[in-house]
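Residue numbers (the numbering used here), protein chains in the order written: chain V, 146 to 309; chain P, 901 to 1003.
Encoded structure:
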């Protein structure tokens, strides 16, 4: 049962990724990416990561993709602006072969890894457990992340504003 | 069918990562390049969570995934703001048309 669910979700995630790379219209690409992100969210839930699952749906598939789609619509690209110049055959083949080789190597290496079995606490992956770890062991990275987000907010306003 | 283990998630993560890398290298539309980067970050998150579940057994990986998400949000915001500004000034979203620093 778990294996069937895994292969189904993995197929959906990979299909979403391939569609995103392959489709020409950025809006179709965005929707394919949402398919991929939602399947990944379900895979996170399979890994007992409840908190990250909620964040994935809310922040990634929700907020970030809404931002991307709004930007696509804001730019309001005409058809000729959307069209990419045809990519040279050599470049396409080289890129595809390089990525496929790297992926194949990674698969060969990862295939030998033992399945692994860690004993999980009862509250593994819950919001409470992650929050406790985040605010005790990882308090300094947490503060730095808040600073980065602040800088990002100010930077985005500065960049996107027409007249400052 | 064999039960799902750490290696299955890692292999899926590698496949997704290299699909994203292919998108970054191959596509010329800046919007799609940004989205491919998001896919790569998500693939990395998947391997963080798989290691946390099967290998380590504590929630450190979840915290790392949370930080990656926060960074991805900042990156998406800044990237899209730069893209809007570029489109306003140069009226293009194709990476190959932006050759100011090359010519």
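By construction, the Cβ of each residue, glycine as well, lies at the ideal position given by its N, Cα and C atoms.
- Task: Assuming residue 993 of chain P contacts residue 945 of chain P (C-beta within less than 8 Å), just tell me the rounded distance between them.
- Result: The count along the second chain starts at 1 and reaches residue 993 of chain P at position 93. The count along the second chain starts at 1 and reaches residue 945 of chain P at position 45. Wrong, their Cβ atoms sit about 27 Å apart, outside the cutoff.
- Query: Rounded to a whole number of angstroms, what is the C-alpha to C-alpha distance between residue 197 of chain V and residue 240 of chain V?
  - Reply: As a position in the first chain, residue 197 of chain V is number 52, starting the count at 1. As a position in the first chain, residue 240 of chain V is number 95, starting the count at 1. Linking residue 197 of chain V to residue 240 of chain V through their CA atoms gives a straight-line distance of about 32 Å.
- Message: So, with DSSP's three-state summary, where would you put residue 945 of chain P?
- Response: Here residue 945 of chain P refers to the residue found at position 45 of the second chain. Assignment of residue 945 of chain P by DSSP, reduced to helix, strand and coil, places it in the helix class.
- Beta carbon proximity, residue 971 of chain P to chain V, threshold 8 Å: Against the second chain, residue 971 of chain P aligns to sequence position 71. Interface flag for residue 971 of chain P against chain V is set, since a Cβ pair is found closer than 8 Å.
- Exposed or buried, residue 284 of chain V, counting other C-beta atoms within 10 Å across all chains shown (16 or more means buried)? Position 139 of the first chain, counted from the start, is the residue given in the question as residue 284 of chain V. Exposure of residue 284 of chain V is indicated by the presence of fewer than 16 other C-beta atoms within 10 angstroms of its C-beta.
- Going along chain P, which residues have a C-beta under 7 Å from residue 182 of chain V? On the first chain, position 37 is the one that residue 182 of chain V refers to. Under the 7 Å cutoff, chain P gives 942.
- Opposite residue 929 of chain P in the DSSP bridges: which residues? Against the second chain, residue 929 of chain P aligns to sequence position 29. Residue pairing by DSSP places residue 929 of chain P opposite P:994 in a beta bridge.
- Using alpha carbons as the reference points, say which of P:986, P:962, P:972 lies closest to residue 189 of chain V. To locate residue 189 of chain V, count along the first chain from 1; it is residue 44. Selection P:986, P:962, P:972 evaluated against residue 189 of chain V yields P:962 as nearest (Cα-Cα).
- Item | Close beta carbons around residue 171 of chain V, own chain, < 6 Å, minus the five adjacent residues each side | In the first chain, the residue the question calls residue 171 of chain V occupies position 26. Only 217 meet the Cβ criterion.
- Item | Proximity below 8 Å, CB of residue 263 of chain V to CB of residue 957 of chain P | The sequence position of residue 263 of chain V within the first chain is 118, counting from 1. The sequence position of residue 957 of chain P within the second chain is 57, counting from 1. Contact flag set, yes.
- Nearest residue (CA-CA) to residue 293 of chain V, options P:937, P:995, P:975, P:931: As a working mapping, residue 293 of chain V is identified with position 148 in the first chain. Nearest Cα to residue 293 of chain V within the set P:937, P:995, P:975, P:931: P:975.
- Message: If you measure between the beta carbons of residue 184 of chain V and residue 164 of chain V, is that distance less than 8 Å?
- Response: The residue you call residue 184 of chain V lines up with position 39 of the first chain. The residue you call residue 164 of chain V lines up with position 19 of the first chain. No. Outside cutoff.
- Going along the chain, which unbroken runs of the alpha helix (DSSP H) with 4 or more residues stay wholly within the stretch 217-253 of chain V? Correct list: 224-227.
- Decide if the stretch 976-984 of chain P is in contact with the stretch 205-225 of chain V; the criterion is three or more beta carbon pairs, one per stretch, under 8 Å apart. Here the stretch 976-984 of chain P lies against the stretch 205-225 of chain V, with 3 or more beta-carbon pairs under 8 Å apart.
- Task: Report the residues of the stretch 199-213 of chain V with a CB closer than 9 Å to any CB of chain P, ordered along the chain.
- Result: Listed by position, the residues of the stretch 199-213 of chain V near chain P (Cβ gap below 9 Å) are 200, 201, 204, 205, 208, 209, 210, 212, 213.
- Message: Is there a Cβ of chain B sitting closer than 8 Å to that of residue 278 of chain V, yes or no?
- Response: No chain B appears in the structure shown, which is made up of the protein chains V and P.
- Item | Through-space distance from residue 908 of chain P to residue 168 of chain V, alpha-carbon basis | Translated into positions along the first chain, residue 168 of chain V becomes position 23. Translated into positions along the second chain, residue 908 of chain P becomes position 8. Taking the Cα positions, residue 168 of chain V is about 27 Å away from residue 908 of chain P.
- Query: Shorter than 8 Å from the beta carbon of residue 165 of chain V to some beta carbon of chain P?
  - Reply: Counting from one through the first chain, the residue named residue 165 of chain V turns up at place 20. So, interface residue.
- Are residue 968 of chain P and residue 269 of chain V touching if we call contact CB-CB under 8 Å? Indexing the second chain from 1 puts residue 968 of chain P at position 68. Indexing the first chain from 1 puts residue 269 of chain V at position 124. For residue 968 of chain P and residue 269 of chain V, no; Cβs fall outside 8 Å.
- Count the other CB atoms within 10 Å of the CB of residue 148 of chain V; is the residue buried (16 or more) or exposed (fewer)? Locating residue 148 of chain V in the first chain gives position 3, counting from the first residue. Here residue 148 of chain V is exposed, its C-beta having fewer than 16 other C-beta atoms within 10 Å.
- Query: Closest to residue 965 of chain P by CA distance: which of V:279, V:306, V:304 is it?
  - Reply: One-based indexing of the second chain puts residue 965 of chain P at position 65. If we check each option's Cα against that of residue 965 of chain P, V:279 comes out closest.
- Task: Name, please, each residue of chain V whose Cβ falls closer than 7 Å to the Cβ of residue 946 of chain P.
- Result: Taking the second chain and counting its residues from 1, the one referred to as residue 946 of chain P is at position 46. Those within 7 Å of residue 946 of chain P in chain V are 185, 188.
- Query: What residue does the alpha helix (DSSP H) around residue 278 of chain V start on, and which one ends it?
  - Reply: The residue you call residue 278 of chain V lines up with position 133 of the first chain. 272-281 is the extent of the alpha helix (DSSP H) around residue 278 of chain V.
- Pick helix, strand or coil for residue 977 of chain P, following the three-state DSSP scheme. Here residue 977 of chain P corresponds to residue number 77 of the second chain, with the count starting at 1. Residue 977 of chain P: helix per DSSP, three-state reduction.
- residue 252 of chain V touches chain P at which residues, Cβ-Cβ below 7 Å? Your numbering for residue 252 of chain V matches position 107 in the first chain. 911, 914, listed in chain order.
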